[in-house]
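Report on the structure given below.
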Amino acid sequence: MKLLHLADLHLGRLFHEQSLIEDQTYILDQVLKILSEDKYRALILAGDIYDRSIPSAEAVTLLSSFLNSLHSRFPDLAICIIAGNHDSPDRLAFGHELFRSMNIHIVSDPNQAFEPILLEEGDERCALFLLPFLYPGSLESTETRPGEAAGQQEELRGLRTQQELIAEASRRLEARRQALDAAGIHRSVLAAHLFTLGGMETESERIFIGTAEQVDAGLFAGFTYVALGHLHRQQQVAGNAWYAGSPLAYSFGEADQQKGCLSVEIRRTEATAAVRPINLRPLHPVRRITATFAELMEQPLQELAAAYLEVELADEHLVENAQRLLEQRYPLVLSVKQNRGFQALLQERSAIQGALPEGGTAEGGPRRSTLDDFTTFEETLYGSVDQDKLNLFKKLLEQCSHETP
84 MKLLHLADLH
94 LGRLFHEQSL
104 IEDQTYILDQ
114 VLKILSEDKY
124 RALILAGDIY
134 DRSIPSAEAV
144 TLLSSFLNSL
154 HSRFPDLAIC
164 IIAGNHDSPD
174 RLAFGHELFR
184 SMNIHIVSDP
194 NQAFEPILLE
204 EGDERCALFL
214 LPFLYPGSLE
224 STETRPGEAA
234 GQQEELRGLR
244 TQQELIAEAS
254 RRLEARRQAL
264 DAAGIHRSVL
274 AAHLFTLGGM
284 ETESERIFIG
294 TAEQVDAGLF
304 AGFTYVALGH
314 LHRQQQVAGN
324 AWYAGSPLAY
334 SFGEADQQKG
344 CLSVEIRRTE
354 ATAAVRPINL
364 RPLHPVRRIT
374 ATFAELMEQP
384 LQELAAAYLE
394 VELADEHLVE
404 NAQRLLEQRY
414 PLVLSVKQNR
424 GFQALLQERS
434 AIQGALPEGG
444 TAEGGPRRST
454 LDDFTTFEET
464 LYGSVDQDKL
474 NLFKKLLEQC
484 SHETP
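The number in my numbering is simply the position in the sequence shown, starting from 1, with 83 added.
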């Protein structure tokens, strides 16, 4: 029995203000092709379907079109979706009762996570549990008060941290899994959206600070396979647990990562699943490059013309209007950094300031004012001072002079 595992679509995401709808459509078309080339029993989308809790109209339309294509082309495919921390549980779950009749299973309510979808193929059976992202208070723990005998009054305690929530979910899931195992259903899969200890994050996730919100992947050791979402780097975090990663690079820090999805095979004779990464080809690759401005303009690199590009200029001076000029050769340059140029300018100004006598200038006159420094800075960068900008700066200086420290 084969499953296809994706996560972190982030439909509607902007990349440095650039819409990625076209890129995401291109990727989802590849997913449809992958499904057509092999026999898959289920498609798992492990959270962060949308990038925002209130998704754009374009993002909603794209998901609707994708689900329609899946259902019309693969009517026997179980489409299994969970809410991630970027999704609005209520909005994502809209129409889930109707979708269930179409073999599309959307779970955003944690209390629905403990009744699995039963997948059957020939004489093989597998229980698939769908655990959405857990918010504080979304599950309650039943604890017996000290001194109370079994069966006496129990107290419901709202759980707050991810560790508490996942531990409670794990306890309930394991009890249900063991009951199914006793009933003859020995293979089980869990889809979950969470941050595991030891997982490697990237620049584009909405991550937690520290380790308080990270959980131990070993809590789900009893499952044949754990399909995870949340971290954007494709990785294995336990013998049976994988992050599919995001299907596109959503930050320049992910430029060197291979993006894709996971083909998962559940075998009757194996305790854990066989996992095979499948690469997805981006419409616009994400690249970082370091070069001088002259090198980029005089010998344009054709392979970068269609790439989302971050440029680090190697020049030892600032280049005026660098991004606008680079866009003439590289239409999709989204970020230009001039760290070396700024560093050189700061060092030059520091050397000049260090050479001044205390309280004065090199000529022995009074120390220059802030307005003089601003004027010199503008002349250094642009050759002259824009009068409107100078007037605005004067107003700001006047406002600052009236503020109480």
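Every residue gets a Cβ at the ideal spot worked out from N, C-alpha and C, and that includes glycine. All figures in this text were calculated on a predicted structure; none of them were measured in a lab.
Tell me residue i's beta-bridge partners as DSSP assigns them.
i, result
"T279", "V298"
"V272", "L211 and Y308"
"K85", "E348"
"F197", "F197 is not bridged to any residue."
"L126", "L87 and I162"
"L490", "Outside the displayed range of the chain (84 to 488) lies residue 490, so it cannot be described from this structure."
"L47", "Given that the chain is displayed from residue 84 to residue 488, the structure contains no residue 47 and the question cannot be resolved."
Just checking my contact of residue i with residue j at CB under 8 Å: how many whole Å lie between their CB atoms?
i, j, result
"Q363", "I110", "The displayed chain sequence assigns Leu, not Gln, to residue 363. About 5 Å separates the two Cβ atoms, so the contact holds."
"A327", "L89", "5 Å"
"Y123", "L87", "5 Å"
"L415", "T453", "About 39 Å separates the two Cβ atoms, so there is no contact after all."
"P330", "C344", "6 Å"
"M84", "E251", "Between E251 and M84 the Cβ distance is about 29 Å, and since that is not below 8 Å, they are no contact."
"A258", "L202", "That belief does not hold up - the Cβ atoms of A258 and L202 are roughly 20 Å apart, past 8 Å."
"V394", "V419", "5 Å"
"V24", "I249", "Coverage of the chain is limited to positions 84 through 488, which leaves residue 24 absent and any answer about it impossible."
"G305", "R255", "Contact flag wrong, Cβ pair sits at about 13 Å."
"Q101", "L417", "6 Å"
Note the first and the last residue of the continuous alpha helix (DSSP H) segment covering residue i.
i, result
"Q317", "No alpha helix (DSSP H) contains Q317, which DSSP labels as neither H nor E."
"H169", "Element bounds for H169: n/a, residue is neither H nor E."
"I117", "I104 to S119"
"A262", "Q245 to A265"
"V143", "A140 to R156"
"R135", "Run containing R135: none; DSSP gives neither H nor E here."
"E100", "Neither: E100 is in no alpha helix (DSSP H) and is coded neither H nor E."
"F182", "H179 to R183"
Tell me the residue span of the beta strand (DSSP E) that contains residue i.
i, result
"H93", "No beta strand (DSSP E) holds H93; DSSP gives it neither H nor E."
"H539", "Because residue 539 is not part of the residues shown, which for the chain are 84 to 488, the question remains open."
Would you check whether the ligand SAH has a heavy atom nearer than 7 Å to the C-beta of residue i?
i, result
"Q318", "Looking at this structure, you won't find the ligand SAH or any other ligand, since it has none at all."
*If you pair each beta-carbon of the stretch 304-319 with each one of the stretch 262-278, do three or more pairs fall below 8 Å?*
As far as the Cβ criterion goes, the stretch 304-319 touches the stretch 262-278, which means the pair count is three or higher.
*Mind listing, in chain order, the continuous alpha helix (DSSP H) runs of no fewer than 4 residues lying wholly within the stretch 354-433?*
376-381 and 405-409
*asked:* Report the start-end ranges of each beta strand (DSSP E) in the stretch 325-359 that is 3 residues or longer and not cut off at the edges.
replied: 343-348
*Cβ contact (3+ pairs, closer than 8 Å) linking the stretch 395-409 and the stretch 355-362*: no
*Assess, as a yes-or-no matter, whether the stretch 188-200 is touched by the stretch 159-169 under the definition of 3 or more beta carbon pairs within less than 8 Å.*
Short answer: they touch.
*Pairing CB atoms from the stretch 340-353 with CB atoms from the stretch 382-395, are three or more of them under 8 Å?*
no
*Can at least three beta-carbon pairs, one atom from the stretch 133-147 and one from the stretch 92-100, be found at a separation below 8 Å?*
yes
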